[in-house]
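Using this note's numbering, read the sequence shown as starting at 50 and increasing by one per residue. Note that beta-carbon positions come from the ideal geometry of N, C-alpha and C, so glycine has one too. Fair warning: this is a prediction, and the values are worked out from it, not measured in the lab. To keep things clear, I will list the structure first and then write my remarks on it.
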Amino acid sequence: MSETGSGRDRRLHPRVEIQRDVDVRDDQNVIDGVVLDISAGGISIRSDADLEPGQEIVLDIDGMSDVAGKVLRATDNGFVVSLHLSPNAQDVFIADVMRIQNDIGLDEA
50 MSETGSGRDR
60 RLHPRVEIQR
70 DVDVRDDQNV
80 IDGVVLDISA
90 GGISIRSDAD
100 LEPGQEIVLD
110 IDGMSDVAGK
120 VLRATDNGFV
130 VSLHLSPNAQ
140 DVFIADVMRI
150 QNDIGLDEA
């Protein structure tokens, strides 16, 4: 197996595609956005905000606990965030993601 696979091949945490409103807070602003996909390691957010890589933020995701993170990079329609989670916080976060995923599955059934 090659070690030069895409980022998706190297992910440590499974990603869940969801559409959830999120308030992104930095030191001075609250910015509206929409979560596009989420995992225990990071989140992709659609937003018009200009956030800089390395910028520390707090995410208030609809239906979930607040979580701290750092902007990794900008995308064409938003940005990607790496999460700062302790092992206990990661367990709670994963439970929230699983609950959302199950809710989505029930809505589609």
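Quiz prompt | Distance CB(Leu100)-CB(Ile106) smaller than 8 Å | solution = yes
Practice problem: Have a look at Ala98 and Leu121 and give me their C-alpha separation to the nearest angstrom. | Solution: 14 Å
Quiz prompt | Residues sharing a beta bridge with Gly172, DSSP | solution = The structure shown has nothing for residue 172, since the chain only spans 50 to 158.
Self-check item: Alpha-carbon spacing of Gln77 relative to Gln104, whole angstroms
Solution: 12 Å
Self-check item: Contact check, Val130 vs Val65, beta carbons under 8 Å
Solution: In this structure, Val65 does not lie closer than 8 Å to Val130 by Cβ.
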